[in-house]
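Colleague: Numbering (our numbering), first residue to last: 2 to 338. Ideal Cβ positions, reconstructed from N, Cα and C, are used throughout, including at glycine. This one's a predicted model, so the numbers in the text were calculated from it and none came from an experiment. Below is the structure I would like to discuss, written out as structure tokens.
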Ligand SMILES: NC(=O)c1ccc[n+]([C@@H]2O[C@H](COP(=O)([O-])OP(=O)(O)OC[C@H]3O[C@@H](n4cnc5c(N)ncnc54)[C@H](O)[C@@H]3O)[C@@H](O)[C@H]2O)c1
Ligand SMILES: N[C@H](C(=O)O)[C@H](O)COP(=O)(O)O
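This is the structure we're talking about:
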């Protein structure tokens with residue numbers, strides 16, 4: 002298991018409440034929020050920003066006026082900061098009319114964490130398609146939207162579980178656009194942000210980062226692609242000369258078995274699926290999505306809206322619970338300086 006902000010029972014947790022956004026109300030977000038509160042009680046305080054009408058029938062909740070009221074809510078009830086939506090939620094069928102409120106719930110959480118009223122934010126999954134169609138949402142996901150709200154040029158997506166941390170260099174773009182997007186500048190910025198976050202937020206003094214190639218067999222010496230020699234290796238050499246502990250470019254297909262994972266603290270991969278398939282395969286229930294490079298803490302479960310099971314009461318809250326816990330540990334660490 003990795004030494005980290007995850008799976009480390011004795012580490013301190015934040016005392017201030019975490020703002021949990023509702024995400025897409027037609028998905029499993031409201032259900033797992035209620036289940037997470039029942040599992041965590043008041044040990045790990047968070048409040049839900051959403052419309053109480055979207056909670057599963059019979060859910061125990063209490064409306065709060067401000068985040069600081071969270072502490073007064075009995076442990077069996079979900080503290081709810083009301084965020085009215087125009088439409089009811091039909092499981093599995095997102096309403097275009099609700100799209101704008103999904104987005105404003107996220108902006109509201111950011112405003113609260115920036116004002117110091119929340120210790121971190123945790124986001125339940127959104128449907129990018131529903132937001133694009135219903136609200137003209139111009140961002141491919143939370144990651145890019147949060148960077149814009151925070152006024153930050155560059156952020157990094159990391160997914161972390163007790164056995165693995167992965168970072169995709171390019172994120173939500175078509176596979177055919179990856180080679181052109183994979184510039185030395187982007188790779189260098191991603192490595193610097195990842196390195197800094199492993200030190201600051203994960204408490205690893207001298208992080209070891211393994212970097213994949215882009216092509217099969219990391220290019221096989223140029224026989225299967227040139228990006229390894231022309232883009233990736235020169236950046237690694239430059240940053241290694243500064244003292245960063247980097248290895249690669251490695252063939253991606255052999256970087257994620259147990260013995261390989263023991264040799265690094267994070268793997269940086271060149272595109273979305275190269276990074277996310279291994280972690281969602283190894284630990285779908287325990288994975289957490291964390292945005293590095295923001296001025297505040299943001300985590301999220303590693304799964305999506307799960308429309309196929311919404312409204313059935315069978316959704317697993319484990320990843321959300323892990324995300325809330327990771328946010329709490331990180332917030333406590335930052336507060337301690
Ligand atoms: N953070 C986010 O906002 C986020 C993350 C990932 C995907 N998404 C979005 O979610 C939508 C659906 O994506 P998808 O279908 O690729 O992935 P998904 O994670 O929603 O679902 C994949 C499979 O896993 C199951 N599953 C997911 N979470 C589960 C849980 N907590 N308990 C039990 N089973 C669970 C689903 O039922 C489904 O069979 C897309 O619009 C995608 O963009 C959002
Ligand atoms: N790429 C993420 C995943 O597949 O889990 C997911 O789409 C979340 O992205 P945001 O956190 O940017 O919404």
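Mapping the DSSP letters down to three states, classify residue 176 as helix, strand or coil.
Modeller: Sequence index remark: in the chain shown, residue 176 carries index 175 (1-based). DSSP places residue 176 in helix when its eight states are reduced to three.
Colleague: Listed in chain order, which residues are found with a beta carbon closer than 5 Å to a heavy atom of ligand 1?
Modeller: That query returns the following residues: 126, 127, 128, 129, 301, 304, 305, 306, 307, 309, 310, 316, 317.
Colleague: Among 299, 150, 63, 76, which residue has its Cα nearest to the Cα of residue 105?
Modeller: Residue mapping note: residue 105 aligns to position 104 of the chain shown, counting from 1. The shortest Cα separation from residue 105 among 299, 150, 63, 76 belongs to 150.
Colleague: Please identify the residue among 278, 241, 48, 274 whose C-alpha is closest to the C-alpha of residue 120.
Modeller: For this step, residue 120 is matched to residue 119 along the chain shown. Closest by alpha carbon: 48.
Colleague: Please report how far the alpha carbon of residue 76 lies from the alpha carbon of residue 116, in whole angstroms.
Modeller: In the chain shown, residue 76 corresponds to position 75, counting from 1. In the chain shown, residue 116 corresponds to position 115, counting from 1. Going from the Cα of residue 76 to the Cα of residue 116 covers about 25 Å.
Colleague: Could you tell me if the beta carbon of residue 196 falls within a distance shorter than 7 Å of some heavy atom in ligand 2?
Modeller: Taking the chain shown and counting its residues from 1, the one referred to as residue 196 is at position 195. False, no ligand heavy atom lies under 7 Å from that Cβ.
Colleague: What do you reckon, are the CB atoms on residue 110 and residue 122 nearer than 8 Å?
Modeller: For the purposes of this step, residue 110 is taken as the residue at position 109 of the chain shown. For the purposes of this step, residue 122 is taken as the residue at position 121 of the chain shown. Against a cut-off of 8 Å, the Cβ pair of residue 122 and residue 110 comes out as a contact.
Colleague: For residue 62, does the three-state DSSP call read helix, strand or coil?
Modeller: Taking the first residue of the chain shown as position 1, residue 62 is located at position 61. Note: residue 62 maps to strand in three-state DSSP.
Colleague: Alpha carbon to alpha carbon, what distance is there between residue 142 and residue 2?
Modeller: Reading the chain shown from its first residue, position 1 is the one you call residue 2. Reading the chain shown from its first residue, position 141 is the one you call residue 142. Caution is warranted here: a pLDDT of 42 is assigned to residue 2, below 50, making its placement in the model unreliable, and the coordinate value is therefore given only provisionally. Answer to the nearest angstrom: the Cα atoms are 29 Å apart.
Colleague: Compute the minimum distance between the beta carbon of residue 133 and the heavy atoms of ligand 2, and state whether it is under 7 Å.
Modeller: Counted from its first residue, the chain shown places residue 133 at position 132. No, Cβ of residue 133 sits at least 7 Å from all heavy atoms of ligand 2.
Colleague: Using the DSSP secondary-structure output, state which residues sit across from residue 51 in a beta bridge.
Modeller: Walking along the chain shown from the start, residue 51 turns up at place 50. Paired residues: 83.
Colleague: Among 85, 17, 35, 107, which one has its Cα closest to the Cα of residue 73?
Modeller: Looking up residue 73 in the chain shown gives position 72. Looking at the Cα atoms, 17 is the closest of the given residues.
Colleague: Tell me which residues share the same chain as residue 101 and place their Cβ nearer than 6 Å to its Cβ, disregarding the 5 neighbours each side in the sequence.
Modeller: Here the question's residue 101 lines up with position 100 in the chain shown. So the qualifying residues of the chain are 136.
Colleague: Helix, strand or coil for residue 99, going by three-state DSSP, please let me know.
Modeller: Within the chain shown, residue 99 is the residue found at index 98, counting from 1. It is helical.
Colleague: Nearest to residue 254 by alpha carbon, out of 32, 319, 218, 80?
Modeller: Residue 254 sits at position 253 when you count from the first residue of the chain shown. Cα-wise, what sits closest to residue 254 is 218.
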